[in-house]
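Colleague:
In my numbering, the protein residues as written are 26 to 229.
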């Protein structure tokens, strides 16, 4: 919901940093993988109860997730880069709720499972829409230059990052935040299904 507005704020500094990294010989895929490794480090820290460290690692990981696109725009966007980026994002998004379940199964297990199920459904609707959009040669740059077609919704990247930061700032409230987040994911999925019906419901 907020990505389009946030892009106007974050893209200029990210592009400057991305150009510097690209000029130093660092590739977008390297930045993507570094972001994943740090993000998985955040999940390990959560599982161990080291939430201050986890907060730092989550923020650094998501900054790198934004920087990889800026580096790619400098060096040239590739299909594999887009594939790697979304695969690493999904790995990070799944690892964090799992880590909270491991940290406190009694309090967080059910909420983490519900959030992971909501992620699964929402991710399926997102990727399915992107496949059909590609088939119809649709394009948009409202959320930056992407290799996949990104649809909007109640929860986008900005809101997702905000929830993940909230998880590690208030870990005792993970279960409640996760339930709210899961509900938002399902609302986003429903709105995307309705949009898909409107756009793809008839023959091309």
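Ideal placement from N, C-alpha and C gives every residue a C-beta, glycine not left out.
1. Checking 7 Å against the spacing of the C-beta atoms, do residue 136 and residue 58 come in under that value?
2. Drop a sphere of 10 angstroms on the beta-carbon of residue 130, count the other beta-carbons inside from all chains shown, and report buried for 16 or more, exposed for fewer.
3. In three-state terms, what does DSSP make of residue 50?
4. Helix, strand or coil for residue 163 per DSSP?
5. Measure the C-alpha to C-alpha separation of residue 50 and residue 100 and round it to an integer number of angstroms.
6. Are three or more beta carbon pairs between the segment 205-224 and the segment 87-101 nearer than 8 Å?
7. Would you call residue 154 buried or exposed, if buried means 16 or more other Cβ atoms sit within 10 Å of its Cβ?
8. For residue 105, is the classification buried or exposed, using 16 other Cβ atoms within 10 angstroms of its Cβ as the cut-off for buried?
9. Tell me where the alpha helix (DSSP H) around residue 200 begins and ends.
Modeller: The structure says:
1. If you number the chain shown from 1, residue 136 lands on position 111. If you number the chain shown from 1, residue 58 lands on position 33. In this structure, residue 58 does not lie closer than 7 Å to residue 136 by Cβ.
2. Counting from 1 along the chain shown, the entry for residue 130 is found at position 105. With fewer than 16 Cβ atoms within 10 Å of its Cβ, residue 130 is classed as exposed.
3. Your numbering for residue 50 matches position 25 in the chain shown. Residue 50 sits in coil when the DSSP states are folded into three classes, being neither helix nor strand.
4. Along the chain shown, one-based indexing puts residue 163 at 138. Here residue 163 sits in coil by DSSP.
5. On the chain shown, residue 50 is found 25 positions in, with the first residue counted as 1. On the chain shown, residue 100 is found 75 positions in, with the first residue counted as 1. The alpha-carbon atoms of residue 50 and residue 100 are separated by roughly 10 Å.
6. By the Cβ test, the segment 205-224 is not in contact with the segment 87-101, since fewer than three Cβ pairs between them sit closer than 8 Å.
7. Residue 154 sits at position 129 when you count from the first residue of the chain shown. Classification of residue 154: buried, given that the 10 Å Cβ count is 16 or more.
8. Stepping through the chain shown from its first residue, residue 105 is reached at position 80. That one is exposed.
9. For the purposes of this step, residue 200 is taken as the residue at position 175 of the chain shown. Looking at the DSSP string, the run of the alpha helix (DSSP H) that includes residue 200 is 199-225.
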